[in-house]
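Undergrad: Protein chains in written order, with UniProt numbering: chain A, 1 to 212; chain B, 1 to 186. For glycine and all other residues, C-beta sits at the position ideal for the given N, C-alpha and C. None of these values were measured; they are calculated from a predicted model. Sending over a structure as structure tokens; questions will come in a sec.
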Amino acid sequence: MAGQSDPSLSMFSAAEVEFLAEDEMVEIVPNLNMDTLNLICGDFGPFRPQMATSVPLWLAVALKKRGKCTIRSPQWMSVENLTQVLEAERDSPAQFQPLPFHYVEISRLLFDNARDDIPDMYMARSLIEDIRDVRFHKFETGLEKISSSTHVVKLKNLSAMEVNIVRPFFVRALQAFAKHDSPQMIHHQQDAMSSRQTHVQDDGPRRDLRRR
Amino acid sequence: MSRYFDIDDIIMEDEHSAVFFKVGANGVGLLDPSAETNRVEQGSRVELPFWLANELYLRQAVSVNVPPCFNLKTRREIQADAACVDLRSRCPYFYELGCKVAPLIGDKTIGSFLLYAFMNRFKDILSKAHSAAFAVAPRFLPLLTKEEMQLYEAACSSMTGFKKWRVGGSRFEKASILGKKKRSSE
């Protein structure tokens with residue numbers, strides 16, 4: 001489970017993030033008759049043939065594997081929407097486009113299990129890979145900008161899997177920067193005579209959400 | 001105190017640095033290879049490991065010099081091009097040692113020097129750690145200190161974990177004992 005192998009990393013494995021992603025709701029079109037499922041997490045159903053219902057992804061994949069339903073591709077996974085998102089990602093080098101939090105995991109699960117339900121599967125797949133690459137590259141270029149004065153880094157619209165990949169590295173890097181910066185502050189205070197230096201000292205505990 | 005059991009900390013403290021004895025010391029002639037009798041004279045220059053130098057400094061018996069890895073030559077090289085300097089051959093615990101030694105020597109510029117070095121190396125090397133192809137990686141790996149190596153490995157392992165997951169495959173791992181055929185004992 002998270003962090004057992006190396007407690008200093010406290011990382012989720014990719015499979016665990018996928019497990020968390022399976023709680024997302026998707027639309028399915030069942031082809032069976034079934035009464036309402038009363039589960040702890042909620043009630044789903046009743047399932048009538050050709051009547052679309054909304055179920056969690058894990059349930060949708062389970063039904064699909066048994067051939068009891070077809071999964072409707074989510075709105076954001078249409079080729080037009082993905083092309084738009086890709087263009088927007090390429091055009092804005094500093095911002096990440098809003099995408100569903102678990103888009104990587106959802107898309108992988110759907111591609112693996114519901115190939116025939118997604119129109120233009122290969123196109124969508126390659127678009128998602130491209131989007132992922134562009135976002136990751138943006139993150140890397142942003143990495144080079146963090147410096148010793150960064151206390152907090154705000155990354156909007158980063159998805160779960162991307163966060164999970166960069167988490168151990170990023171946390172360690174920020175720790176290393178903080179460690180190297182603190183004796184610096186002491187030295188500044190010791191040989192500084194102007195009040196400007198002490199003002200720099202005061203900036204320390206303030207929460208600054210702008211990435212410098 | 002939390003670093004007492006840290007193995008990296010222990011190994012790091014074994015790095016040598018030159019000290020000047022402020023007082024004479026009896027019975028420790030081993031420390032100074034040029035001592036004829038079994039004592040160290042006042043004012044003699046001896047190479048001691050850091051943990052010993054630290055303790056003697058606290059007892060005000062020695063004054064500590066700058067360790068060889070922070071001398072002018074290294075500083076010039078780092079200012080020229082930080083990313084290409086082979087810090088591991090000089091001192092695999094470059095940053096840690098610098099942080100510990102700084103209060104001992106009274107050299108205020110070590111902190112900013114370390115920060116400068118780390119920032120530049122980080123920009124060049126470590127921000128590409130995630131996507132480093134296998135062929136590119138070994139080129140600069142031997143240059144990294146222990147701490148940088150840890151950062152790099154953290155990035156690598158999370159990336160490979162993700163790639164392995166992406167390829168897909170069954171989520172269940174069959175226990176190896178199930179694969180063995182049952183031998184019927186008739």
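Check B/T37 in the structure and name its three-state DSSP category.
TA: B/T37: coil per DSSP, three-state reduction.
Undergrad: Going by DSSP in three states, A/N33 sits in which element: helix, strand or coil?
TA: A/N33 falls in the coil class under three-state DSSP.
Undergrad: Which residue or residues does DSSP assign as beta-bridge partners of A/G42?
TA: BP columns for A/G42 point to A/L39.
Undergrad: Count the C-beta pairs between the region 24-38 of chain B and the region 103-113 of chain B that are closer than 8 Å, then say yes if the count reaches three, no if not.
TA: These segments do not touch.
Undergrad: So, for A/D191: in the same chain, excluding its five sequence neighbours on each side, which residues have a beta-carbon less than 8 Å away from its beta-carbon?
TA: Bear in mind that a pLDDT of 44 at A/D191, under 50, signals an unreliable position, so the number given afterwards is only what the model happens to contain. Cβ within range, chain order: n/a, list empty.
Undergrad: Does the structure place the region 155-172 of chain A close enough to the region 136-144 of chain A that three or more beta carbon pairs sit under 8 Å?
TA: Yes: at least three Cβ pairs fall under 8 Å.
Undergrad: What residue does the alpha helix (DSSP H) around B/P103 start on, and which one ends it?
TA: First-last of the alpha helix (DSSP H) with B/P103: 94-105.
Undergrad: Provide the residue span of the alpha helix (DSSP H) that contains B/V19, from first to last.
TA: Careful: B/V19 lies outside any alpha helix (DSSP H), inside the beta strand (DSSP E) at 16-21.
Undergrad: Is there a C-beta anywhere in chain B that falls below 7 Å from the one on A/Q189?
TA: Because A/Q189 sits at a pLDDT of 44, beneath the cut-off of 50, its placement in the model cannot be relied upon, and the following sentence gives the value as read from the coordinates. Taking Cβ atoms only, chain B never reaches closer than 7 Å to A/Q189, which makes this a no.
Undergrad: Go ahead and label A/S126 buried or exposed: buried means 16 or more other beta carbons lie within 10 angstroms of its beta carbon, across all protein chains shown.
TA: Its Cβ having fewer than 16 others within 10 Å, A/S126 is exposed.
Undergrad: Quick check on B/S158 - is its C-beta less than 7 Å from some C-beta in chain E?
TA: Among the protein chains in the structure shown, which are A and B, there is no chain E.
Undergrad: Using only alpha-carbon positions, find the residue among A/A15, A/V104, A/V29 that is nearest to A/K68.
TA: Of the candidates A/A15, A/V104, A/V29, the one whose C-alpha sits nearest the C-alpha of A/K68 is A/V29.
Undergrad: Closest to A/V163 by CA distance: which of A/F111, A/I118, A/F101, A/L110 is it?
TA: Minimum Cα distance to A/V163 is reached at A/F101.
Undergrad: For a test of the three-state rule: what should DSSP assign to B/P49, helix, strand or coil?
TA: Three-state DSSP puts B/P49 in a strand.
Undergrad: Hey, does B/A135 have any beta-carbon neighbour from chain A nearer than 7 Å?
TA: Because B/A135 sits at a pLDDT of 49, beneath the cut-off of 50, its placement in the model cannot be relied upon, and the point is left open.
Undergrad: Mind listing the chain A neighbours of B/E13? Cutoff is C-beta to C-beta under 8 Å, in chain order.
TA: None at all; the shortest Cβ gap to chain A is about 17 Å.
Undergrad: Could you have a look at A/E27 and say whether DSSP puts it in helix, strand or coil?
TA: A/E27 falls in the strand class under three-state DSSP.
Undergrad: Against chain B, does A/R48 count as a neighbour if the rule is that its beta carbon must be under 7 Å from one of theirs?
TA: It does not; no Cβ of chain B falls within 7 Å.
Undergrad: Our contact map puts A/E105 next to A/P56 with C-beta atoms below 8 Å; I'd like the distance itself, whole angstroms only.
TA: Contact flag wrong, Cβ pair sits at about 13 Å.
Undergrad: Looking only at DSSP bridge pairs, what is A/A14 linked to?
TA: Paired residue(s): none; A/A14 is not in a bridge.
Undergrad: With a cut-off of 8 Å on the beta carbons, I'd call A/A62 and A/A160 a contact; round off their distance for me.
TA: No, A/A62 and A/A160 are not in contact; Cβ-Cβ is about 21 Å, not under 8 Å.
Undergrad: Near B/R39, what residues of its chain come up, given a Cβ to Cβ distance below 8 Å and the 5 sequence neighbours on each side ignored?
TA: The residues are G24, A25, N26, G27, V28, G29.
Undergrad: Return the residue from the list B/R59, B/P67, B/A175 that minimises the CA-CA distance to B/V46.
TA: When each option's Cα is compared against that of B/V46, the closest is B/P67.
Undergrad: According to a CB-to-CB cut-off of less than 7 Å, which residues of the region 51-65 of chain A neighbour chain B?
TA: So nothing in the stretch comes that close.
Undergrad: Drop a sphere of 10 angstroms on the beta-carbon of B/V167, count the other beta-carbons inside from all chains shown, and report buried for 16 or more, exposed for fewer.
TA: B/V167 should be labelled exposed.
Undergrad: Mapping the DSSP letters down to three states, classify B/T74 as helix, strand or coil.
TA: The answer is helix: DSSP assigns B/T74 an H, G or I state.
Undergrad: Look up A/P74 in the DSSP assignment and say whether it is helix, strand or coil.
TA: Of the three classes helix, strand and coil, the one that applies to A/P74 here is coil, per DSSP.
Undergrad: Count the other CB atoms within 10 Å of the CB of B/T37; is the residue buried (16 or more) or exposed (fewer)?
TA: Exposed: under 16 other Cβ atoms inside 10 Å.
Undergrad: Where does the unbroken beta strand (DSSP E) through B/T145 begin, and where does it stop?
TA: Counting along the chain, B/T145 falls outside any beta strand (DSSP E), and DSSP gives it neither H nor E.
Undergrad: Closest to A/D181 by CA distance: which of B/N65, B/I10, B/Y95 is it?
TA: The residue with the shortest Cα to Cα distance from A/D181 is B/Y95.
Undergrad: Tell me which residue opens and which closes the alpha helix (DSSP H) that B/S63 is part of.
TA: It is not in any alpha helix (DSSP H) - B/S63 instead sits in the beta strand (DSSP E) that spans 62-64.
Undergrad: Chain B beta carbons: is any one of them nearer than 7 Å to that of A/R172?
TA: A/R172 counts as touching chain B.
Undergrad: Taking 7 Å as the CB-CB limit, is B/L87 close to chain A?
TA: It does not: the Cβ of B/L87 has no partner Cβ on chain A nearer than 7 Å.
Undergrad: Could you tell me the alpha carbon to alpha carbon distance between A/G45 and A/Q84, rounded to whole angstroms?
TA: If you take the alpha carbons of A/G45 and A/Q84, they lie about 34 Å apart.
Undergrad: In chain order, what residues of the same chain lie with their CB nearer than 6 Å to the CB of B/T160, ignoring the 5 residues before and after it?
TA: Contacts found: none.
Undergrad: For B/N26, which three-state DSSP category applies?
TA: Here B/N26 sits in strand by DSSP.
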